[in-house]
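Residue numbers (UniProt numbering): 1 to 136.
Below is one structure, written out as structure tokens; comments come after it.
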């Protein structure tokens, strides 16, 4: 049995179809009713429910604020993640209107990578300094 399920990048046609299906679902159901991603996937025909949900939540939903994080938002994310390390990306994003868990996760990972790179640079400088000026 061959599967019609695609993997990888979405194309404009699929994005348009997903937007249309979500809009139709909202027209036919109560506004506060959870979207049935299994139904959306069935009508898409080429993507799983998980793929449809993630594409909508992280990329296509009109309520997503795709502008760069403000300094205030960055400080807030870092403060929350430091003071409450058990908070999930979802919980943090819920406190930032228009920001997705993916946006929060990517910011935290970039910040950690930047700090790790900076720490590595400092260690290299200290090693070099110790080699050039050994204590005897």
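Backbone N, C-alpha and C define an ideal beta-carbon position, used for all residues, glycine too.
Computed from a predicted structure; not experimentally measured.
Buried/exposed call for residue 120, threshold 16 Cβ in 10 Å: exposed
Any 3 or more C-beta pairs closer than 8 Å across the stretch 76-89 and the stretch 53-63: no
Classification of residue 47 by the beta-carbon crowding that lies within 10 angstroms, buried from 16 upward: buried
Stretch pair the stretch 71-86 + the stretch 28-36: three plus CB contacts closer than 8 Å: The stretch 71-86, when compared against the stretch 28-36, does not touch it at the 8 Å Cβ threshold.
DSSP-derived helix/strand/coil call for residue 92: Residue 92: helix per DSSP, three-state reduction.
Under 9 Å between C-beta atoms of residue 73 and residue 96: yes
Reference residue 63; option with closest CA among 9, 99 and 114: 99
Pair within 9 Å by beta-carbon distance, residue 21 and residue 10: Between residue 21 and residue 10, the gap from beta carbon to beta carbon reaches 9 Å or more.
Which listed residue (58, 133, 116 and 124) has its alpha carbon closest to that of residue 105: In terms of Cα proximity to residue 105, the closest of 58, 133, 116 and 124 is 58.
Where residue 5 falls, given that 16 or more other Cβ within 10 Å makes a residue buried: exposed
Through-space distance from residue 125 to residue 118, alpha-carbon basis: 11 Å
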